[in-house]
Every structure is written in C-alpha cells, then in structure tokens.
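Visitor:
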Amino acid sequence: MRSRSAQSKTLIGVAIIVIVILAAAAFMMRGGEETQTTTTQTTPQTQATRTTEAPGAAKEETQATTTTPAQTPEETQTQAPSERVVVVGTTDKITELDPANAYDFFTWEVLSNVMAGLVTYDPDTGEIVGDLATEWKAEENGKVWIFKLRTDAKFADGTPCTAKDVVRSIERVMQIQGDPSWLVTEFVDKVEAVDDYTVKFTLKQPTGYFLSVVATVPYFPVHPNYPQDKIVADATWGGCGPYMIKEWVRDQKLVLVPNPYYYGEKPKNDKVIIRFFSDANSMRLALENGEIDVAWRTLTPQDITNLQQKGYNVVEVPGLFIRYVVVKTDAGPTSDKLVRQALAAAIDRQEIAIRVFKGTVEPLYSMVPAGMWSHVDVFKTKYGDGNIELAKQLLAQAGYSEDNKLKVELWYTPTHYGDTEDELAAVLKEQWERTGMIEVEIKSSEWAQYVKQLGDGQFMLSLLGWYPDYLDPDNYLTPFLKSTANSWTGTGYANPTVDDLLTKAQVATDQAEREKYYIQVQEILAEDVPFIPLVQGKLYIVTQPDFKGLKVSPLMFLIYSSLEP
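With my numbering as the guide, the letters of the sequence shown map in order to residues 393 to 957.
(1) Within the continuous beta strand (DSSP E) that includes E801, where are the two ends?
(2) Which value, in whole angstroms, describes the spacing of the CA atoms of V718 and N681?
(3) Let me know the secondary structure DSSP gives P925 once reduced to three states.
(4) Given a cut-off of 8 Å, decide if T935 and D685 are closer than it, judged by their beta-carbon atoms.
(5) Using only the alpha-carbon positions, how far apart do P946 and V890 sit?
(6) How big is the Cα-Cα spacing for D549 and V521?
(7) Name the two residues that bound the continuous beta strand (DSSP E) containing A738.
(8) Are three or more beta carbon pairs between the region 749-758 and the region 767-776 nearer than 8 Å?
(9) Run the CB neighbour count on Q733, radius 10 Å, all protein chains shown included, and call it buried at 16 or more, exposed below.
(10) Excluding five sequence neighbours on each side, which residues of the same chain lie with their C-beta closer than 7 Å to the C-beta of E708?
(11) Starting from the Cα of K908, find the closest Cα among T812, Y654, K720, P865 and give me that residue.
(12) The alpha helix (DSSP H) that contains K772, what's its start and end?
(13) By how many angstroms is the C-alpha of P515 removed from the C-alpha of C632?
(14) Out of V536, E532, F923, A545, which one is the CA nearest neighbour of T526?
(15) Exposed or buried, what is N661 when buried is set at 16 or more other beta-carbons lying within 10 Å of its beta-carbon?
(16) If you scan the region 620-654 from start to end, which runs of the beta strand (DSSP E) of 3 or more residues do you find wholly inside it?
(17) In three-state DSSP terms, what is K908?
(18) Between which two residues does the beta strand (DSSP E) holding A607 run?
(19) Count the C-beta pairs between the region 819-839 and the region 738-748 that are closer than 8 Å, then say yes if the count reaches three, no if not.
(20) Who are the Cβ neighbours of V800 in its own chain at under 6 Å, not counting the five residues just before and after it?
(21) Are there 16 or more other CB atoms within 10 angstroms of the CB of D490, so buried, or fewer, so exposed?
(22) Assign W765 to one of three DSSP states: helix, strand, or coil.
(23) Any idea which residues DSSP pairs S836 with across the strands?
(24) Return the CA-CA distance between N505 and I951, expressed in angstroms with no decimal places.
(25) Check each candidate in A723, T487, I830 and name the one with the smallest Cα separation from S793.
(26) Does DSSP classify Y757 as helix, strand or coil?
(27) If you draw a straight line from the alpha carbon of L942 to that of R676, how long is it in whole angstroms?
(28) From the DSSP output, read off the bridge partner residues of I520.
(29) Along the chain, where does the beta strand (DSSP E) that runs through L786 open and close?
(30) Looking at K729: is its Cβ nearer than 8 Å to the Cβ of D920?
(31) Would you check if the region 556-566 and the region 607-619 touch, i.e. whether three or more CB-CB distances between them fall below 8 Å?
(32) Identify every run of the alpha helix (DSSP H) within the region 468-506, keeping only runs that are complete inside it and at least 4 residues long; order them along the chain.
(33) Report, in whole angstroms, the separation of the C-beta atoms of T512 and V843, which I expect to be a contact under 8 Å.
(34) Name the DSSP bridge partner or partners of Y716?
(35) Determine the contact status of T807 and D643, defining contact as a CB-CB distance below 8 Å.
(36) What does a CB cutoff of less than 7 Å around Y809 pick up in its chain, not counting 5 residues either side in sequence?
Here is the structure:
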C-alpha cells in the first residue's frame, strides 16, 4: 500500500485546525448548550425471519438503533416503572392465525386472546355470558337468534367493530370452507346485519345449544384487512380482544401487547411473550434458568413431579381433554370393520395410563368424556381392555394369521402433545403385535404437516387429541361422526343412521331425549370403530415459585390477561 505524501499530511492538519475553531465558535454562540448524542449500531442479520406487526403498529427495522439522550439528575430519579412482562413457554405450535382455517387447541387459545366473540364462558362459573353482545334472544323455537352488540368495541387500530364486521367474518368462514367451517355451516342458514349493532342468525333447524356454538372461534369478527376469499396463515391484524400482536416469528416467538381500544378489564401485564420450544426438556431447562415464567403444554409427567418437588407452582387443570386413534375407514386394510374391531380389542388403556402418562390420565371408553352427561363406556362393554384373544378371533375372521399378518402404519406428531407421544406410539405397537398377527410401522411428521396429511386422508392410523369447541356432548360426536362435519379427520366415515340421530339430537330441546340419541350414536361408534378412544386427561401448568396468578377458561385456554408477574 502506498503511503500519503507530506503535502497531503499538511493539508489534513490545516483542515483539522479549521474544523476545531469552527466547532468552538458554534458552541460559544449557543451559550454552551449540550446536545443529545445518538449512536446507531448496525446488527447484521444472520438469517431471514418473517416478522409481522399488528394494524397501526410501527414497523420495526432490521437495524438496531439506540438513542441516548442527556439526562438531568431529576430525570434519572423519575424513570418510568419497568414493564410487567410475562414469558410463556410451550412445545406447541401455531398453525394459522386465521379463524377461517385454524382448528387446533393452541392456535385457538391465541386467537381467543387477540379476538372476541359475541358471547364467552365466564372463567369462574362456566356459564355463557355476553362479550361483544350485550343481550340476545331466541325466536321461532330457537331457529332465529338476535344479538345486540356493544357500541364501544374496536379493533386494535381503532376501527369500530359493527354488525357488518360480524356478518362479513362469518360469511368469510362459510365461503372459505376451512376445517372449522362446519361449526357455522352445520347450523347457520343465513346471517345478516339488521342495523349497525344488531346481528340476526337464521338457522337451518332449531338449536337449543346455539349459544355454545356462537362462543367458538369461527364466529369471532376479524379485522377488515382479512381478505374475504382466502386464508392468511400469518395474519396479525387480529380482532377486538384484549391483546394485539406486536411481533410474530413462526415457531420462535409471539409478542402480544394490550389492545389500547379494548372495552373490557385491563390486563394484569404489559406484554406477553410466547416462546416456542422444540421439546419438553429444553422448556423445563428454560423454566429452571428463569428464562420463562410459565411452562404450558407440554412438560412430561416426570418433569411435572420433579419441578413440584423443587418448589415450582404446579396448577392442575381438570378438563375434558381426550386422546384417541383415528382410523381410516374407506381404504386399505382398515376399511374392513373386523380389522378395526380387532385393533380396538387389543388396546390396554390402563397400561397406557400407567406406562406412558404415569397415572396422570384415566382410561376412556367412549369419545364422550367420562363425567359428561350421556357418556357410556361402550368400548369397555363391547371389547373389554387388552382383549388379545378377541382381537385374534376378529383378525382370523378377516383372513389374517401369524403367517399372513395384518400390516398397518401408525402415525404420530412429535411435539404437539408433548414428549410422551413416541412412547405412546411404541406401546400401541407393542399391544397390537402381542396378537402375533399384526405388524406395525411407526411414522411421524411435524404438526403443521401432520394436520394437512390428516385432512387429506393420508393416514391409516394416527394419534390425535381433542379439546372441546363447546361444552356439550354434541361436540365430541358431530365433528367426528357426522358425514358433513368430519372431513378434517380424513377417515372417510359416513353412516346415514348416525347423521340422522345427530340431527335429531341437535333439534331436540329436552336433555333426556338428546341423551337417548347420543347413547345410540356411541353404540354405533363402538360397532363401526372409525375412532378408538384411549385416555382422558388433565393439563398441567408450571410457574415460577413467586408467580402471582393465572386463570384458565372452561375450554382450557390460558387467559393471558390474568397472568400477573
């Protein structure tokens, strides 16, 4: 490299002296006033991430800019109080931030915190109460429902929420025909805005429990930015709920802040950060290292026991959560009912409850959970538990033997239901292969892909769980067994008798009459075996020892506004 000449050095020196003199003069002319110092640091991005903001939120730059103003002693002593931030950890995933297609527990939990419905469940009593609706009435024996809306509801950017938004959002669900659309299309014939704050539903037939259905996510009004004819998987416009989405990086973090226009009680925190973990072990370590305040869905049973012994708060959430096997009925070897019955007979639920879940769940013998009216132990009555001899007889009738084994594929998803899922699949394989007449191949895929494969009917056998959409036996039968509602399961199951019974139960207003229909449906379920119930479980939340409080809704959703650091 060539060095500078002596002449260049002289010129540079003169220039520096002139600059210093001019700067000093300027300082004297301003009376010695001190200026603010701004430092800009550029942080190179190591990888591309997808980050989106809520409506009205300022766009965050990829460069980090730090501004440090000069402060007086008085300013230093009167700093604003620190943010009340809660960090929640989960091994679950968000599928699509769009009520028109999202149909999984955790995504619904998030949407229930950034959106609001006409009615909701009181977290303390479990009763249905008004949310966006201040009053409602049923007419024509429950075929017509009219809701009056509050006038102060607004989306997170200040846009008023009116009856037209409710109608537009529900019609959007009906038009897109996503997985949860049956919750609207099975019931609603027409929805209309009578005026700016009155919504009228005309149903296909009278439905006494329609309020429970209206409380579900597909009925939530969405921001006008949601397009009417397509799904937006990473939409962050939200609705009228207590929070707005500030930042969303798929499978890494979701940042929520209070909706400044929310009409209800203010949240007990200033920000909720949800961190997504790849497995239960890494989430447990984050809790122990103080990186998260709350561990929610899902730690292993052993982790829960150990953390409780160490002094962490363990909150048991009693609920109506069930686990089951989905069975394809319209193709492959499982299209034979004898095969499906044999698979049901060989399962030992008590062994699963102890070996896999360490006694934190109970055996389940119907899709309707124990403790809910109309529940009947139909699978226990018909097959018993771990009935290998019956399973072998059924397989022999279907043409299988030890020399001609039934070959099946069992699918599971690794993290959505926690780290016990591979063990659950392994125990089921072991139980089925005890017959000596079944050979099981275990396969897996991540949750987002798993849901798509399921709906496309690609699975012969698959593991799934169910959290209630609404608190009624209908919600444990219609979504699975009614041919116009169960396409999301990929089973291909259709039985006209079941369809008729479920429709009769929907229209009936007397609970005893409805119960009669639901018992008949459960008996057909045990005969046809498109699903095999396994266990009924509780959920557990673990928090830091000094964490102040939280609430869970009757639908088992964590209520973020209740989280108090």
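All residues carry an ideal CB built from backbone N, CA and C; glycine is no exception.
Guide: Based on what the coordinates show:
(1) Looking up residue 801 in the sequence shown gives position 409. Note, E801: beta strand (DSSP E), 798-804.
(2) Within the sequence shown, residue 718 is the residue found at index 326, counting from 1. Within the sequence shown, residue 681 is the residue found at index 289, counting from 1. So the two alpha carbons sit approximately 39 Å from each other.
(3) Start at 1 with the first residue of the sequence shown, and residue 925 comes out as number 533. In this structure, P925 counts as strand in the three-state DSSP scheme.
(4) Taking the sequence shown and counting its residues from 1, the one referred to as residue 685 is at position 293. Taking the sequence shown and counting its residues from 1, the one referred to as residue 935 is at position 543. Yes, the Cβ-Cβ distance between D685 and T935 is below 8 Å.
(5) Along the sequence shown, one-based indexing puts residue 946 at 554. Along the sequence shown, one-based indexing puts residue 890 at 498. When rounded, the distance between both Cα atoms is 28 Å.
(6) The residue labelled residue 549 in the question sits at position 157 within the sequence shown. The residue labelled residue 521 in the question sits at position 129 within the sequence shown. The straight-line gap from Cα to Cα measures roughly 26 Å.
(7) Here residue 738 refers to the residue found at position 346 when the sequence shown is read from its first residue. Here A738 belongs to no beta strand (DSSP E); instead the alpha helix (DSSP H) covers 729-738.
(8) yes
(9) Start at 1 with the first residue of the sequence shown, and residue 733 comes out as number 341. By the 16-neighbour rule on beta-carbons within 10 angstroms, Q733 is buried.
(10) Numbered from 1 along the sequence shown, position 316 holds the residue referred to as residue 708. The beta carbon of E708 sits closer than 7 Å to the beta carbons of K930, Y932 from its chain, once the five residues preceding and following it are set aside; these are given in chain order.
(11) Indexing the sequence shown from 1 puts residue 908 at position 516. Ranking T812, Y654, K720, P865 by Cα distance to K908 puts P865 first.
(12) In the sequence shown, the residue the question calls residue 772 occupies position 380. Note, K772: alpha helix (DSSP H), 770-775.
(13) Within the sequence shown, the letter at position 240 stands for residue 632. Within the sequence shown, the letter at position 123 stands for residue 515. Each residue's alpha carbon lies about 19 Å from the other.
(14) Working through the sequence shown from its first residue, we reach residue 526 at position 134. For the residues V536, E532, F923, A545, the minimum Cα distance to T526 belongs to A545.
(15) One-based indexing of the sequence shown puts residue 661 at position 269. Taking a 10 Å sphere around the C-beta of N661, we find 16 or more other C-beta atoms and assign the residue as buried.
(16) DSSP runs (the beta strand (DSSP E)) wholly in the region 620-654: 635-641, 645-650.
(17) For this step, residue 908 is matched to residue 516 along the sequence shown. In this structure, K908 counts as helix in the three-state DSSP scheme.
(18) In the sequence shown, residue 607 corresponds to position 215, counting from 1. Premise fails: A607 is in no beta strand (DSSP E) and is neither H nor E.
(19) yes
(20) One-based indexing of the sequence shown puts residue 800 at position 408. V832, M852, L853.
(21) Translated into the one-based positions of the sequence shown, residue 490 becomes position 98. Burial call: buried.
(22) Locating residue 765 in the sequence shown gives position 373, counting from the first residue. Coil.
(23) Stepping through the sequence shown from its first residue, residue 836 is reached at position 444. The partner list for S836 (beta bridge, DSSP) reads Y804.
(24) Along the sequence shown, read from residue 1 onward, the residue named residue 505 stands at position 113. Along the sequence shown, read from residue 1 onward, the residue named residue 951 stands at position 559. Near 7 Å, if we compare the C-alpha coordinates of I951 and N505.
(25) Position 401 of the sequence shown, counted from the start, is the residue given in the question as residue 793. S793 has its Cα closest to that of I830, out of A723, T487, I830.
(26) By 1-based counting over the sequence shown, the position of residue 757 is 365. The answer is coil: DSSP assigns Y757 none of H, G, I, E or B.
(27) Residue mapping note: residue 942 aligns to position 550 of the sequence shown, counting from 1. Residue mapping note: residue 676 aligns to position 284 of the sequence shown, counting from 1. For L942 and R676, the distance between alpha carbons rounds to 19 Å.
(28) To locate residue 520, count along the sequence shown from 1; it is residue 128. Under the DSSP definition of a beta bridge, I520 partners with Y513.
(29) In the sequence shown, counting from the first residue as 1, residue 786 sits at position 394. That residue, L786, is in no beta strand (DSSP E); its alpha helix (DSSP H) goes 780-789.
(30) In the sequence shown, counting from the first residue as 1, residue 729 sits at position 337. In the sequence shown, counting from the first residue as 1, residue 920 sits at position 528. In contact: K729 and D920 (Cβ atoms closer than 8 Å).
(31) yes
(32) 497-506
(33) Taking the first residue of the sequence shown as 1, we reach residue 512 at position 120. Taking the first residue of the sequence shown as 1, we reach residue 843 at position 451. T512 to V843, Cβ: 26 Å. No contact.
(34) Residue 716 sits at position 324 when you count from the first residue of the sequence shown. Paired residue(s): L856, P925.
(35) Looking up residue 807 in the sequence shown gives position 415. Looking up residue 643 in the sequence shown gives position 251. Not in contact: T807 and D643 (Cβ atoms no closer than 8 Å).
(36) Numbered from its first residue, the sequence shown carries residue 809 at position 417. Residues of the same chain with a CB within less than 7 Å of the CB of Y809, apart from the 5 flanking positions on each side, are T690, G857 in chain order.
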